[in-house]
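Numbering (the working numbering), first residue to last: 193 to 620.
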Amino acid sequence: MLDINLLRNDLDQVVARLGARGYQFDAATFTALESERKTLQTRTQDLQAQRNASSKSIGAAKQRGEDVSAIMAQVATLGDELKANETALAALQDKLNALLLSIPNLPHPDTPAGKDDKDNVEVRRWGTPRAFDFDAKDHVDVGGPLGLDFEGGARLSGARFTLLRGQIARLHRALAQFMIDTHTTQHGYTETYTPYIVNADVLFGTGQLPKFGEDMFKVEKGGDENSPAQYLISTSEITLTNTVRDSIIKAEELPIKLTAHSPCFRSEAGSYGRDTRGMIRQHQFDKVEMVRIEHPDNSYAALEELVGHAEAILQKLELPYRVVNLCTGDMGFSAAKTYDLEVWLPAQNTYREISSCSNCEAFQARRMQARFRNENGKPELLHTLNGSGLAVGRTLVAVLENYQNADGSVTVPTALRPYMGGVEKLSM
RNA sequence: GGAAAGGUGGCAGAGUGGUCGAAUGCGCUGGACUCGAAAUCCAGUAUGGGGCUACGCUUCAUCGAGGGUUCGAAUCCCUCCCUUUCCGCCA
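This is how it looks when you write it as structure tokens:
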């Protein structure tokens with residue numbers, strides 16, 4: 193959520209910056225609602241003040257044993273207008289709030305202007321894609337004989353679900369363990385285990401609601417027709433970031449650095465036909481997530497550090513990748529600045545997204561009322577950051593493709609061997 | 001699943017229709033005393049909004065959440081959520 197005062201005082205600038213990310217903000221509607229709000233609120237509060245004052249004097253008079261019928265009659269005339277005003281004001285504020293909640297974050301000045309992923313700017317590359325002396329297969333063909341079972345997943349749950357068996361399942365688990373251990377022991381993050389089902393207001397906090405409900409899986413509690421809607425998390429960014437909702441953190445407790453390994457559930461509405469082959473795009477996938485709760489002065493330094501922590505995983509796995517700075521048009525709703533990490537996939541002969549690291553500045557914090565006490569003792573909004581470190585399913589894909597051998601076996605990256613009981617190679 | 005008790009400021013804990021945003025204690029901040037500290041004393045100490053002739057004045061809301069009764073609700077009524085204890089069940 194944007195600061196409403198910024199909209200009040202500098203509307204033109206907001207419209208321009210939102211336009212840069214392809215969002216047409218209806219300034220006229222906002223201005224009209226805002227001026228109506230001001231009139232209504234002033235009048236309502238005025239009436240409330242009158243009522244409060246009268247009620248107080250009724251109490252005082254009664255205690256003195258005086259007759260109160262005159263004041264009572266006077267207050268009675270307020271009632272209808274007050275009630276009408278209160279109702280109208282509440283409706284208007286709901287409207288304004290809904291409008292405010294639907295506006296994406298303002299892009300940071302460093303964010304390159306652009307329309308879609310073609311306008312993203314490459315920042316750096318690491319590693320050299322391996323030269324194969326045989327025809328490199330994709331992960332579906334490499335993994336199939338080793339325990340990657342798409343038919344099995346589909347039989348249980350439909351398209352975009354995968355069943356892992358045997359050594360592939362173990363490799364998948366090894367990857368997650370390796371990632372989370374690296375972040376906790378080398379990067380200073382606190383391991384966290386969170387719920388996978390959350391209440392709607394939590395999703396408002398991180399920005400999935402109200403606009404992106406169709407991307408989520410909704411769940412129902414059995415035996416309770418009237419239970420409020422709950423959702424499966426689409427990333428543990430949701431739960432990790434919301435750990436500080438409705439709170440005021442002591443400045444000396446910052447930064448808070450959290451990591452979690454969790455499944456992520458995404459409906460993938462609107463991506464019909466995209467990445468249908470293999471496990472690139474799944475309804476359920478595992479991810480190790482990093483979240484940082486930061487002092488505003490430090491959040492951009494923290495973003496660079498966070499990207500480095502995600503890169504460290506790829507480097508230890510010796511997987512070639514590049515870092516791109518997302519353009520305004522390609523960034524997520526809550527982000528002010530985002531770096532994507534893209535890993536080399538030989539079969540596709542291209543780099544594919546495997547991590548996304550964003551600084552949301554105060555955008556989520558304002559929605560969550562997540563604050564810290566600043567130098568003047570006043571509550572101030574925190575900055576929140578999140579980054580994948582990494583998407584486990586896609587990392588598995590990258591390992592299978594980059595480490596495949598001509599005989600159909602797959603070499604286990606050195607860093608993973610301690611998590612694989614010393615196994616050096618997956619083979620039939 | 002059965003039974004009971006609760007949810008009030010950073011914490012503990014009063015308050016059961018009126019001057020209560022809320023006693024008191026602890027904590028915290030500033031000051032006094034002191035060579036310094038402790039003790040003691042004095043003062044201050046919630047959050048989110050709004051208005052303005054704006055570093056201050058003023059106003060509204062908030063006592064788990066949402067409704068309701070009333071001129072007036074922390075206090076009464078309804079619904080929901082959560083916590084604790086006992087029994088049962090369960091991983």
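Backbone N, C-alpha and C define an ideal beta-carbon position, used for all residues, glycine too.
Close-in-space but distant-in-sequence residues of the same chain around P387 (CB under 7 Å, 5 per side omitted): In the first sequence, residue 387 corresponds to position 195, counting from 1. Answer for P387: T431, listed in chain order.
Sub-8 Å separation of L592 and V584 beta-carbons: Your numbering for residue 592 matches position 400 in the first sequence. Your numbering for residue 584 matches position 392 in the first sequence. No.
Through-space distance from L340 to K307, alpha-carbon basis: Start at 1 with the first residue of the first sequence, and residue 307 comes out as number 115. Start at 1 with the first residue of the first sequence, and residue 340 comes out as number 148. If I take the Cα positions, the gap works out to 36 Å.
Using 8 Å as the cut-off, can you tell me whether the segment 548-565 makes contact with the segment 402-422, which would need three or more C-beta pairs spanning the two stretches below that distance? no
Under 8 Å by Cβ, that's how I've got I546 and R586 pegged, so tell me the actual separation to the nearest angstrom. Residue numbering aside, residue 546 sits at position 354 when the first sequence is read from its first letter. Residue numbering aside, residue 586 sits at position 394 when the first sequence is read from its first letter. Going by Cβ atoms, the distance from I546 to R586 rounds to 5 Å, so yes, they are a contact pair.
Is the beta carbon of T384 sitting closer than 8 Å to the one on L291? In the first sequence, the residue the question calls residue 384 occupies position 192. In the first sequence, the residue the question calls residue 291 occupies position 99. Inclusion of T384 and L291 in the CB contact set at 8 Å is not warranted, their separation being larger than that value.
When E534, A539, F370 and R209 are compared against H508, the one with the closest alpha-carbon: Taking the first sequence and counting its residues from 1, one reaches residue 508 at position 316. The sequence given here places Lys at residue 508; His does not occur at that position. Cα-wise, what sits closest to K508 is F370.
Using CA coordinates, which residue listed in S619, R437 and G414 is at the minimum distance from R558? Taking the first sequence and counting its residues from 1, the one referred to as residue 558 is at position 366. The candidate whose alpha carbon is nearest that of R558 is R437.
Rounding to the nearest angstrom, what Cα-Cα distance links G251 and A452 in this structure? Residue numbering aside, residue 251 sits at position 59 when the first sequence is read from its first letter. Residue numbering aside, residue 452 sits at position 260 when the first sequence is read from its first letter. Cα to Cα, G251 sits roughly 56 Å from A452.
Any chance you could list the beta strand (DSSP E) runs of at least 3 consecutive residues sitting entirely within the segment 330-416, in chain order? 389-391 and 409-411
What are the start and end residues of the beta strand (DSSP E) that includes V589? For this step, residue 589 is matched to residue 397 along the first sequence. Careful: V589 lies outside any beta strand (DSSP E), inside the alpha helix (DSSP H) at V584 to N594.
Report yes or no: do three or more beta-carbon pairs, one from the segment 264-278 and one from the segment 241-251, lie closer than 8 Å? yes
Should T535 go down as buried or exposed, given a rule of 16 or more other Cβ atoms within 10 Å for buried? If you number the first sequence from 1, residue 535 lands on position 343. Residue identity differs from the one stated: residue 535 is Val in this sequence, not Thr. Taking every protein chain shown into account, the CB of V535 has 16 or more other CB atoms within 10 angstroms, so this residue is buried.
Contact defined as beta carbons within less than 8 Å: I believe Y492 pairs with N551. What is the distance between those atoms, to the nearest angstrom? In the first sequence, counting from the first residue as 1, residue 492 sits at position 300. In the first sequence, counting from the first residue as 1, residue 551 sits at position 359. Confirmed, about 6 Å.
I'd like to know whether the C-beta atoms of G632 and V480 end up nearer to each other than 8 Å. Outside the modelled stretch of the chain, which goes from 193 to 620, sits residue 632, for which no answer is possible.
Within the same chain, show all residues whose beta-carbon is closer than 8 Å to that of R316, passing over the 5 residues directly before and after it, in chain order. In the first sequence, counting from the first residue as 1, residue 316 sits at position 124. Closer than 8 Å at Cβ, skipping near neighbours: R514 and V515.
DSSP three-state label for M482, please. Counting from 1 along the first sequence, the entry for residue 482 is found at position 290. Here M482 sits in strand by DSSP.
Taking 7 Å as the limit between beta carbons, can you name the residues of its chain near R200, skipping five residues before and five after? Along the first sequence, read from residue 1 onward, the residue named residue 200 stands at position 8. So the qualifying residues of the chain are E226.
Give me the DSSP bridge partner(s) of E314. By one-based count along the first sequence, residue 314 stands at place 122. V516.
Alpha carbon to alpha carbon, what distance is there between I485 and K442? Residue numbering aside, residue 442 sits at position 250 when the first sequence is read from its first letter. Residue numbering aside, residue 485 sits at position 293 when the first sequence is read from its first letter. Using only the alpha carbons, I get a separation of about 12 Å.
Helix, strand or coil, according to DSSP, for N568 in the structure here? If you number the first sequence from 1, residue 568 lands on position 376. In this structure, N568 counts as coil in the three-state DSSP scheme.
For G579, the residue or residues it bridges with in DSSP: For the purposes of this step, residue 579 is taken as the residue at position 387 of the first sequence. Answer is M482 and C549, bridged to G579.
Which residue marks the beginning of the beta strand (DSSP E) containing A452, and which one marks its end? Start at 1 with the first residue of the first sequence, and residue 452 comes out as number 260. Its beta strand (DSSP E) spans residues I448 to F457.
Under 8 Å between the Cβ atoms of L210 and I295? For the purposes of this step, residue 210 is taken as residue 18 along the first sequence, with counting starting at 1. For the purposes of this step, residue 295 is taken as residue 103 along the first sequence, with counting starting at 1. Yes.
Nearest-angstrom Cβ-Cβ length linking S548 and T398, presumed shorter than 8 Å: Here residue 548 refers to the residue found at position 356 when the first sequence is read from its first residue. Here residue 398 refers to the residue found at position 206 when the first sequence is read from its first residue. That belief does not hold up - the Cβ atoms of S548 and T398 are roughly 14 Å apart, past 8 Å.
Along the chain, where does the beta strand (DSSP E) containing I441 start, and where does it finish? Residue mapping note: residue 441 aligns to position 249 of the first sequence, counting from 1. Residues S439 to K442.
Can the beta-carbon of A461 be found closer than 8 Å to that of N297? Sequence index remark: in the first sequence, residue 461 carries index 269 (1-based). Sequence index remark: in the first sequence, residue 297 carries index 105 (1-based). No, the Cβ-Cβ distance between A461 and N297 is not below 8 Å.
Just to confirm, are F396 and L424 a CB contact at a threshold of 8 Å? Counting from 1 along the first sequence, the entry for residue 396 is found at position 204. Counting from 1 along the first sequence, the entry for residue 424 is found at position 232. Against a cut-off of 8 Å, the Cβ pair of L424 and F396 comes out as no contact.
Candidates T374, S439, S426 and V390: which alpha carbon is nearest P420's? On the first sequence, residue 420 is found 228 positions in, with the first residue counted as 1. Of T374, S439, S426 and V390, the residue nearest in Cα terms is V390.
Assuming contact is defined by CB atoms lying nearer than 8 Å, are Q474 and T354 in contact in what I supplied? To locate residue 474, count along the first sequence from 1; it is residue 282. To locate residue 354, count along the first sequence from 1; it is residue 162. Closer than 8 Å, so yes.
Length of the line joining the Cα atoms of A351 and D407: On the first sequence, residue 351 is found 159 positions in, with the first residue counted as 1. On the first sequence, residue 407 is found 215 positions in, with the first residue counted as 1. If I take the Cα positions, the gap works out to 16 Å.
Does the distance from the C-beta atom of H364 to that of V589 stay below 8 Å? For the purposes of this step, residue 364 is taken as the residue at position 172 of the first sequence. For the purposes of this step, residue 589 is taken as the residue at position 397 of the first sequence. Taking 8 Å as the Cβ cut-off, H364 and V589 do not qualify as a contacting pair.
Contact under 8 Å by Cβ, R213 with M523: By one-based count along the first sequence, residue 213 stands at place 21. By one-based count along the first sequence, residue 523 stands at place 331. Closer than 8 Å, so yes.
Taking C-beta to C-beta, are A366 and L608 nearer than 8 Å? Start at 1 with the first residue of the first sequence, and residue 366 comes out as number 174. Start at 1 with the first residue of the first sequence, and residue 608 comes out as number 416. Yes.
At which residues does the alpha helix (DSSP H) containing L498 begin and terminate? Here residue 498 refers to the residue found at position 306 of the first sequence. Looking at the DSSP string, the run of the alpha helix (DSSP H) that includes L498 is S491 to K508.
Identify the continuous alpha helix (DSSP H) that holds D286 and give its terminal residues. Counted from its first residue, the first sequence places residue 286 at position 94. Run containing D286: G271 to L293, per the alpha helix (DSSP H) assignment.
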